[in-house]
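The structure appears below as structure tokens.
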Amino acid sequence: MLCEKCKKRTATVFYNENINGKTRSYSLCGECAAKLREKGELQDITSMVGSFADPFSKLHDDFFGGFFGIPAHTGIAKAKKCPVCGTSFAEIAESGKIGCPECYETFADELANSIHSIHGTTSHTGNVPARHRAKQQRGEKLKKLKQELKDALEKEAYEHAAELRDEIRKLESENEKEEN
Amino acid sequence: MAWYNTVGKSTDTVVSSRVRLARNISGYPFASKLDAAGANEIIEKVGTTLESAGFRKIAFNDISPVMATSYVERHYVSPEFATKETPHALLLQETGGLAVMVCEEDHLRIQSILPGLALGEAYKNASRVEKRLDEDFDFAYSERLGYLTHCPTNLGTGMRASVMMFLPALSMGGYMDSLAAQLSKIGLTVRGLFGEGSGAAGSMYQISNQITLGITEEETLKKLEDAISQISESERRARNSISGENLERLTDRILRAEGTLKYAWRMSSQEFMKLFSDVRFGIALGIVKDISYEQLGTLLVEVMPATLTLNAENTPKTESARDRLRAQKIQNTLSAPAQP
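Keeping their order, the protein sequence lines are chains A and B.
Position 22 of the first sequence, counting from 1, maps to 22 under our numbering, and the rest follow consecutively.
Each position in the second sequence, counted from 1, maps to that position plus 1000 in our numbering.
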């Protein structure tokens, strides 16, 4: 992951800035961070990670421990628990391991920075499971049909609207069936 | 035929290629929160699907530690998996180098390991198994984060592609540290023979992708392949640049290693790894002529402590008996005529 300031060197310093309740995270290399610190533009350093460039270190484990182990800056409630598996954020912070798939939703905000620091991004671009692909396609089709239904009603084409409504119900019941 | 006793592409610099996909099944917590009943249920269900696809199921809780370790030596399971106490199983199909660890760090670790440089094929093999499982199981997945994994380091594609490289010349020249630093800048990692934390035995290094989120499977493979071909070229250049007195000295060392490997009465596994590296280097340089990559590769697994013990007619009871057995095994393997 590259430094967002010079876009040349590897980022080794990660910090969060909290202005009026709005959080932004930065990833910088040591040099750019030092420059900003001199200028007094970098104050709220919540974490400094130096092991990123060392490929032989047990990078992620150490990194996680260090990253999560820092005092929370945005008032993260360490007592918050996942409603499905009961894992608390403190547990995740200590082990670096997530409790269950639902934890990723429950602790989405708390995890965002670390995920960004590991991967340099927080959004997936690779393969999609077959079921999900089908659901995505159904979702897109539903959106299109609902628009068509609206148009049909406006034009008072009630027969066509009835057909569209049936088609929408069918897709929605497929979605429900899949979810159950 | 397995990855270790067959020759693949770029054998002079690449020992094997591996692709593994991490998947978890919706409706169950991840491994550290999964109880024995849940784990057994997953093992049962996944076993049913994969046994019908020609896989063999090995219930790891029921096998001896020496047998479990022998699967580590064949690189089908991780050292952590071999010693786990909670329910876990391996589903294996040796043709295609396919091994699925069930209830490791993730519910499923689908991997394909092949000889030589064969990342594309390894990905295809692992993918085929993944697709078969995708038909029967609902994988934990989010549109934003991709496949959800126990450790966030595997989020996204859940794919780790790695190539085991044989780099004696770069290693001798002291280039490995700077190579590792360069690779880390482009999101690749270098590790020793048996993965995380293990030393680089026998000049063998595992090079793999570090990032799994925000990059597609194809992009990851391409990036790794490009790096591997560049490293292979550097290694070959470094080999060609050895000349004069250095070459004389190296030739002497290699031929002594060959002699020791062929005639020693006893041999420890550490000594074997060192000799392995020198002799493999000798084959690549054309100095060692009557030992093949296949013979040496077979030994790389078969003289390791657990596999050696497992295949012995009489279990060696002491360290020295085992070292004697290892020397015998090496002699028997090498005295068979080398395949051209």
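Cβ coordinates follow ideal geometry from the N, Cα and C atoms, glycine included.
Computed from a predicted model, the values in this text were never measured in an experiment.
| Check | Outcome |
| --- | --- |
| Classify Glu176 (chain A): buried if its beta carbon has 16 or more other beta carbons within 10 angstroms, exposed otherwise. | exposed |
| Name, going along the chain, the residues of the stretch 104-130 of chain A whose beta-carbon falls closer than 8 Å to a beta-carbon of chain B. | Tyr104, Glu105, Leu111, Ser114, Ile115, Ile118, His119, Gly120, Thr121, Thr122, Ser123, His124, Thr125, Gly126, Asn127, Val128, Pro129, Ala130 |
| Tyr1076 (chain B): buried (16+ other C-beta within 10 angstroms of its C-beta) or exposed? | buried |
| Measuring straight from C-alpha to C-alpha, what distance separates Lys144 (chain A) and Arg1020 (chain B)? | 38 Å |
| Can you tell which of B:Gly1027, B:Met1267, B:Asn1332, B:Thr1307 has its C-alpha closest to the C-alpha of His1107 (chain B)? | B:Gly1027 |
| Report, in whole angstroms, the separation of the C-beta atoms of Thr1212 (chain B) and Leu1155 (chain B), which I expect to be a contact under 8 Å. | 6 Å |
| Can a CB atom of chain B be found closer than 7 Å to the CB of Pro83 (chain A)? | no |
| Can you name, in chain order, every residue of its own chain whose Cβ lies under 7 Å from the Cβ of Gly1096 (chain B), other than the five neighbours on each side? | Ser1112, Asn1125 |
| Evaluate Ser1241 (chain B) with the Cβ neighbour count: other Cβ atoms within 10 Å of its Cβ, from every protein chain shown; 16 or more gives buried, anything less gives exposed. | exposed |
| The beta strand (DSSP E) with Met1159 (chain B) in it runs from where to where? | 1159-1166 |
| Find the residues of chain B that neighbour Gly96 (chain A), judging by a C-beta separation of less than 7 Å, and give them in chain order. | Cys1151 |
| If I'm right that Glu1258 (chain B) touches Val1288 (chain B) with Cβ under 8 Å, what's the distance once you round it to whole angstroms? | 5 Å |
| If Glu110 (chain A) and Val84 (chain A) are in contact, beta carbons under 8 Å, what's the gap, nearest whole angstrom? | Their Cβ separation, rounded to whole angstroms, is 16 Å, which puts Glu110 (chain A) and Val84 (chain A) out of contact at 8 Å. |
| Could you check whether the Cβ of Leu1213 (chain B) sits closer than 7 Å to any Cβ belonging to chain A? | yes |
| Determine whether the beta carbon atoms of Ala1169 (chain B) and Asn1209 (chain B) lie at a separation below 7 Å. | no |
| Output needed in chain order: residues of the stretch 1020-1032 of chain B with a Cβ under 7 Å from some Cβ in chain A. | Asn1024, Ser1026, Pro1029, Phe1030, Ser1032 |
| Determine contact between the stretch 1215-1233 of chain B and the stretch 1009-1016 of chain B, defined as no fewer than three beta-carbon pairs at a distance below 8 Å. | yes |
| Excluding the 5 residues flanking Ala1053 (chain B) on each side, which residues of the same chain have their C-beta closer than 7 Å to its C-beta? | Arg1132 |
| Where does Gly50 (chain A) land, buried or exposed, given buried means 16+ other C-beta within 10 angstroms? | Below a pLDDT of 50, predicted positions are generally treated as unreliable, and Gly50 (chain A), at 33, falls in that range; the measurement from the model is reported next regardless. Gly50 (chain A) should be labelled exposed. |
| Name the residue from B:Ser1032, B:Met1159, B:Ile1063 whose alpha carbon lies nearest to the alpha carbon of Ala1306 (chain B). | B:Ile1063 |
| Quick check on His160 (chain A) - is its C-beta less than 7 Å from some C-beta in chain B? | no |
| Which residue comes first and which comes last in the alpha helix (DSSP H) that contains Tyr1028 (chain B)? | Here Tyr1028 (chain B) belongs to no alpha helix (DSSP H), and DSSP marks it neither H nor E. |
| Pro1065 (chain B) by DSSP, collapsed to three states: which one? | helix |
| What beta strand (DSSP E) runs, 3 residues minimum, are completely inside the stretch 1035-1063 of chain B? | 1056-1059 |
| May I have the straight-line CA-CA distance separating Gly1192 (chain B) from Leu171 (chain A), to the nearest angstrom? | 52 Å |
| Got a sec? Which residues, its chain only, sit under 8 Å from Glu1196 (chain B) by beta carbon, not counting five neighbours each side? | At Glu1196 (chain B) the pLDDT is 44, less than 50, meaning the model places this residue with poor confidence and gives no usable figure here. |
| Is the beta carbon of Ala1022 (chain B) less than 7 Å from the beta carbon of Thr1086 (chain B)? | no |
| Under 7 Å Cβ-Cβ, which residues of chain B neighbour Cys6 (chain A)? | Correct list: empty, because the minimum Cβ distance to chain B is about 13 Å. |
| Classify Thr46 (chain A) as helix, strand or coil using the three-state DSSP reduction. | Residue confidence for Thr46 (chain A) is low, a pLDDT of 32 falling below 50, so the modelled location carries little weight; the figure read from the coordinates is stated next. DSSP places Thr46 (chain A) in coil when its eight states are reduced to three. |
| Taking three-plus beta-carbon pairs below 8 Å as touching, is the stretch 104-119 of chain A in contact with the stretch 80-94 of chain A? | yes |
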